[in-house]
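Residue numbers (my numbering), protein chains in the order written: chain A, 1 to 55; chain B, 1001 to 1211.
Backbone N, C-alpha and C define an ideal beta-carbon position, used for all residues, glycine too.
Computed from a prediction, not measured in an experiment: that's the story for all the values here.
Below is one structure, written out as structure tokens, with a few remarks after it.
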Amino acid sequence: MTSARKNKQRAQSRDPSKARDPEWAAGLKRLYDSVVEEPLPDSFKDLLSKLDSAD
Amino acid sequence: MSENAEPAKPLPPRSADDKRAFKRELTDVVPHLRAFARGLCGRPDMADDLVQETLLKAWAAQERFEPGTSMRAWTFVILRNAYLTDMRRNRFRGDYDETVAERVLTAPAGQEEPIHLSDMHRALLTLPPERREALLLVGAGGFSYEEAANICGCAVGTIKSRVGRARAALTTMIEEGSIPERSLTDPAAHRAILEELDEVAAGNGRAVATR
Chain A
1 MTSARKNKQR AQSRDPSKAR DPEWAAGLKR LYDSVVEEPL PDSFKDLLSK LDSAD
Chain B
1001 MSENAEPAKP LPPRSADDKR AFKRELTDVV PHLRAFARGL CGRPDMADDL VQETLLKAWA
1061 AQERFEPGTS MRAWTFVILR NAYLTDMRRN RFRGDYDETV AERVLTAPAG QEEPIHLSDM
1121 HRALLTLPPE RREALLLVGA GGFSYEEAAN ICGCAVGTIK SRVGRARAAL TTMIEEGSIP
1181 ERSLTDPAAH RAILEELDEV AAGNGRAVAT R
């Protein structure tokens, strides 16, 4: 499977105000970002297109 | 004068352009909803169900969205409420993501030992839900304390305290390597969490002492 789809860095959710993050804090962000960067499953595309037609 | 159950803030009717803009913003925010949901409830399939439910609710409630405000914050509130409702119906068991468990979170070159995503996620899921969501919003989602407080319907100080406690707990677990195995599948722990959820859902946001 393609595990190489991770270089889609979206310039968002940067928080400059965290001066003293513990070491794992970056891991937490990456946990979140790893899901954000997943390709969207078809079920969501289907649902979103249905929203349109339901209108 | 008859009383209609009107929303507190009547907004102007939506044009086709507004609807298109809403749809576009809603689409853009889906990956974030998935990430937030995954952090909250652990299992990817259930998290995605939760996001689908959220999208339908958001679409149905689009008249209440104020253009120009944060779609991410608005939909997170909907997702959070749906999660709390489902959690109380015992749909989620707090299982963690088995597929993620195999992945290693590799630190950039030159940094310390990598943290396993699975460790991170499991540690996160052992936190009481209100601390978990606070940490997710601020520490992962990049929301300010103020935004997180709005999403959770509580005071800024409450969010700060929850994030602080969550951080302290995670730091202890991760640095000491004392991340519990699957503690959420323990019925007693699960029950305690459900009790806390009632508190959280009631909106008073008081952290219940769990002992």
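Residue i - partner residues in DSSP beta bridges
i, result
"H1032 of chain B", "Its beta-bridge partners do not exist; DSSP assigns none."
Chain B within 8 Å of residue i, Cβ atoms only
i, result
"T2 of chain A", "Note that T2 of chain A scores a pLDDT of 42, beneath 50, so its modelled location is shaky; the value from the coordinates is reported in the next line. No, no contact with chain B."
"D52 of chain A", "yes"
Residue i at chain A interface by Cβ criterion, 8 Å
i, result
"M1071 of chain B", "no"
"W1059 of chain B", "yes"
"V1077 of chain B", "no"
"D1045 of chain B", "no"
"G1141 of chain B", "yes"
"P1013 of chain B", "no"
"A1035 of chain B", "yes"
"D1048 of chain B", "yes"
"R1038 of chain B", "yes"
"I1174 of chain B", "yes"
"L1084 of chain B", "no"
"L1125 of chain B", "no"
"R1162 of chain B", "no"
"L1137 of chain B", "no"
"M1001 of chain B", "Residue placement at M1001 of chain B is flagged as unreliable, the pLDDT there being 42, under the threshold of 50; a coordinate-derived value is accordingly withheld."
"G1153 of chain B", "no"
Under 8 Å by beta carbon: chain A residues contacting residue i
i, result
"V1030 of chain B", "L40, F44, L48"
"K1023 of chain B", "L48, L51, D52"
"L1055 of chain B", "F44, L47, L48, L51"
Residue i: contacting residues in chain A (beta-carbon distance under 7 Å)
i, result
"T1027 of chain B", "L48"
"L1170 of chain B", "W24"
"R1167 of chain B", "P22"
Proximal chain A residues relative to residue i, where beta-carbon distance stays under 9 Å
i, result
"M1120 of chain B", "W24, G27, L28, R30, L31"
Taking 8 Å as the threshold, find out whether the stretch 1037-1053 of chain B comes into contact with the stretch 1119-1135 of chain B through three or more Cβ pairs. yes
Report yes or no: do the stretch 1146-1158 of chain B and the stretch 1166-1176 of chain B share at least 3 C-beta pairs separated by less than 8 Å? no
If we count Cβ pairs, one from each stretch, closer than 8 Å, do we get three or more for the stretch 1071-1086 of chain B versus the stretch 1158-1165 of chain B? no
Taking only runs that begin and end inside the stretch 1009-1077 of chain B, name each unbroken beta strand (DSSP E) of 3 or more residues, in chain order. none
Any contact between the stretch 1012-1021 of chain B and the stretch 33-40 of chain A? By contact I mean 3 or more CB pairs, one from each, below 8 Å. Contact between the stretch 1012-1021 of chain B and the stretch 33-40 of chain A is absent, with fewer than three C-beta pairs closer than 8 Å.
How do the stretch 1139-1152 of chain B and the stretch 1057-1067 of chain B stand: do at least 3 beta-carbon pairs fall below 8 Å, yes or no? no
When the Cβ atoms of the stretch 1073-1084 of chain B are set against those of the stretch 1041-1057 of chain B, are three or more pairs found closer than 8 Å? yes
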